[in-house]
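Accompanying notes for the structure given below.
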Amino acid sequence: MSVDGDRSTQELARYRPVSAKTVEPWEAIAADRDRCPVAFSPDIDAFQVTSYPAVKEALRNPRVFSNRWDSATPQPAPLPLEDQVLAYTDPPRHTQQRKLLTAALSASRMEKLRPAMQRFVDDIIDGLVARGGGFEVMSTLARPFPAHMTAELMGVPVDDREQFIRYSELAELETAFPGTYRDKLDEWARYIEDLVEQRRAAGPESDDLITTMCFAQIDGQRFTAHEVSKMVMLLNAAGNTTTTTLIGNAIWLLDRYPEQKALYLSDIEGRVESLVEETLRFDGPIHGLFRRTTEDSAVAGQPVPAGQQVFACYAAANHDPAVYHDPDRFLVDRDWKQLPAHLAFGYGIHHCIGANLARVEAQVALATLYRRLPGLRIRPGFTPEQVPGLIFRGWMGLELAYDAPALPRNHT
Amino acid sequence: MSMVRETATGRTLAIDHDRCSGTGYCQEHFPAVFTLIGSRAHIRDDVDITMLTPETLEEAEAICPWFAISVSDQPT
């Protein structure tokens, strides 16, 4: 490491999360964290941050570590102001937008959705059981379930939901293959902007998220239809794929660690919360996100010049042995009431606004699947494929098998 | 559910449990003032609210990403 920030004399990161993406990168991450927890990574053209305290240090300072260059797909210049929404902007704009949405997505509000989620998941499982045999869980449950819940929270008309969800899936593909689905996404933006006009004409009659955004005022000004469409698209992108991959990652990890699966199955209701937290810690949906330095700065004592991309690697922070014992072991009975919070939802002012929603969704899906389908497992011989790209960690598909008969839904 | 405590200057410090989502940031930054109980933040019983500076109160209000902490001059 040099003090002047000259890259030629700096320790470079050796972990290659894109060009050499692996299923279990924990050793490579640990090696980088041990050598230098803040190091420039040629693989991602950013300063890679891999220790728990260093990730928090960067994320707690949004003035210097900015989101205005886009935190998921970093851009060469700050986004145009009209595209700066939520995770793509900084205070005070960020604070004003976020304030409008947090009440609608709080822990207590999301807890109230649990019975509706339970019905939705039970209906899907009833359908799978009626069809008989094994099934692919991502396309049948892990993807449609959060997507429908989000569309419902948004207040998307029932008849439009399938199409709305298809757009949302294209937006996800767009992050892996930039430019490919531009026309379709423009079409989606126009659909949302039309919806905004309709809602405004109809008046503030419901408390769904789109209506809330339509009628919210900041300093006497309303959001433009364009801003609402950007927020809706971001909330969808951030809210659907993440929970989808979280459910899949838990299923894969349980099969990878059979003794942990046995422990979980011995008390599903008692351990489903810690299963979800441990999956988030061990291999959460978001590997990390970007910031851009607005001035010369430092993280953990390592100089980071102005204008640099910084990759806060949540997974690396979550495997920091200074914070979690046996960090590279997947343990479903960690005591999350006592442990420091994992950083899978980020840290600071951008703490994932869908965290409460994601938690309840994942708990309902994972408890119900394993409660109703005896011997649920990845189909022997099936080799899952990891999604491409830096940001997401998850499986393209997971073929599952179980031992019929399935158990009936709990009538409550 | 909401919990409120008043300061000597008439300002109030409140935690809205309908918004609190248990990030624990308040406890992390002001362990003498806040504590997490059952994944919701509470004002500690043993804290003397009247001793908190306006700066501390404002910082505590700003630190919550769920906007569950509020400081106001209005008596509740």
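Respectively, the protein sequence lines represent chains A and B. By my numbering, the letter at position 126 of the first sequence is numbered 126, and the numbering carries on one by one without gaps. By my numbering, the letter at position 9 of the second sequence is numbered 1009, and the numbering carries on one by one without gaps. From the three backbone atoms N, C-alpha and C, an ideal C-beta is built for every residue, glycine too. Note that the structure is predicted; figures quoted are calculated from it, not measured.
TODO: Could you work out which residues of chain B lie near residue 356 of chain A, taking near to mean beta carbons separated by less than 7 Å?
DONE: 1021
- [ ] Please indicate yes or no: does the CB of residue 121 of chain A lie closer than 6 Å to some heavy atom of the ligand ZN?
- [x] Summarising the ligand content, the structure contains no ligands, and the ligand ZN is consequently not present.
Open item on the list: Once the 5 residues before and after residue 373 of chain A are set aside, which same chain residues still bring their CB inside 6 Å of it?
Closed with: 402, 406
TODO: Could you check the C-alpha separation between residue 22 of chain A and residue 220 of chain A for me, to the nearest Å?
DONE: 50 Å
- [ ] Would you mind working out which of A:72, A:139, A:281, A:227 sits nearest residue 80 of chain A, comparing C-alpha positions?
- [x] A:227
- [ ] Can you grab the Cα-Cα spacing for the pair residue 48 of chain A / residue 55 of chain A, in whole Å?
- [x] 9 Å
Open item on the list: Does the CB of residue 1012 of chain B have a neighbour CB from chain A at under 7 Å?
Closed with: no
TODO: Measuring alpha carbon to alpha carbon, tell me which of B:1004, B:1003, B:1011, B:1005 ends up nearest residue 1054 of chain B.
DONE: B:1011
TODO: Use the C-beta contact count for residue 325 of chain A: other C-beta atoms within 10 angstroms, 16 or more gives buried, fewer gives exposed.
DONE: exposed
Open item on the list: For residue 247 of chain A and residue 1060 of chain B, what's the separation of their Cα atoms in angstroms?
Closed with: 34 Å
Open item on the list: Could you check whether the Cβ of residue 184 of chain A sits closer than 7 Å to any Cβ belonging to chain B?
Closed with: no
- [ ] For residue 294 of chain A, name the three-state secondary structure that DSSP assigns.
- [x] coil
Task: One or two residues paired with residue 312 of chain A in a DSSP bridge - done: A:49, A:289
Task: the region 235-247 of chain A: positions lying closer than 7 Å to chain B by Cβ - done: none
- [ ] Note down the Cα distance separating residue 24 of chain A from residue 170 of chain A, rounded to an integer number of angstroms.
- [x] 28 Å
TODO: Could you please give me the residues that DSSP links to residue 1035 of chain B through a beta bridge?
DONE: B:1042
Open item on the list: Beta-carbon within less than 7 Å of residue 45 of chain A's beta-carbon, same chain only, minus the 5 sequence neighbours each way: which residues are those?
Closed with: 309
TODO: Decide yes or no for the touch test of the region 298-306 of chain A against the region 275-289 of chain A: beta carbon pairs closer than 8 Å, at least 3 of them.
DONE: no
Open item on the list: Once DSSP output is grouped into helix, strand and coil, what is the label at residue 124 of chain A?
Closed with: helix
Open item on the list: Report the CB separation of residue 33 of chain A from residue 320 of chain A in whole angstroms; it is logged as a contact under 8 Å.
Closed with: 7 Å
Task: Proximal residues to residue 252 of chain A (C-beta, below 8 Å), its chain only, five neighbours per side dropped - done: 378, 384, 395, 398
Open item on the list: Does any residue of chain B have a CB that is nearer than 7 Å to the CB of residue 325 of chain A?
Closed with: no
- [ ] Using beta-carbon positions only, say whether residue 107 of chain A and residue 1021 of chain B come within less than 7 Å of one another.
- [x] yes
Task: Rounded straight-line distance, which links the Cα of residue 239 of chain A to that of residue 1077 of chain B - done: One cannot answer for residue 1077 of chain B here, as it falls past the ends of chain B, which runs 1001 to 1076.
Open item on the list: Distance check for residue 1043 of chain B and residue 1063 of chain B, CA to CA, integer angstroms please.
Closed with: 15 Å
Open item on the list: Quick check on residue 337 of chain A: buried or exposed, where buried means 16 or more other Cβ atoms within 10 Å of its Cβ?
Closed with: exposed
Open item on the list: Against chain A, does residue 1067 of chain B count as a neighbour if the rule is that its beta carbon must be under 7 Å from one of theirs?
Closed with: yes
- [ ] Please state whether DSSP places residue 217 of chain A in a helix, a strand or coil.
- [x] strand
TODO: Check residue 414 of chain A in the structure and name its three-state DSSP category.
DONE: Examination of residue 414 of chain A is not possible in this model, given that chain A is present from 1 through 412 alone.
- [ ] If I'm right that residue 126 of chain A touches residue 409 of chain A with Cβ under 8 Å, what's the distance once you round it to whole angstroms?
- [x] 7 Å
TODO: Quick one: grab the DSSP three-state call for residue 97 of chain A.
DONE: helix
TODO: Would you please verify whether the beta carbon of residue 150 of chain A is less than 7 Å from any beta carbon of chain B?
DONE: no
- [ ] Step through the CB atoms of chain B and report whether any lies within less than 7 Å of the CB of residue 102 of chain A.
- [x] yes
Task: Alpha-carbon spacing of residue 1065 of chain B relative to residue 1023 of chain B, whole angstroms - done: 8 Å
Task: Short Cβ contact (7 Å threshold) for residue 292 of chain A with residue 66 of chain A - done: yes
Task: Reference residue 90 of chain A, options A:60, A:400, A:194, closest by Cα - done: A:60
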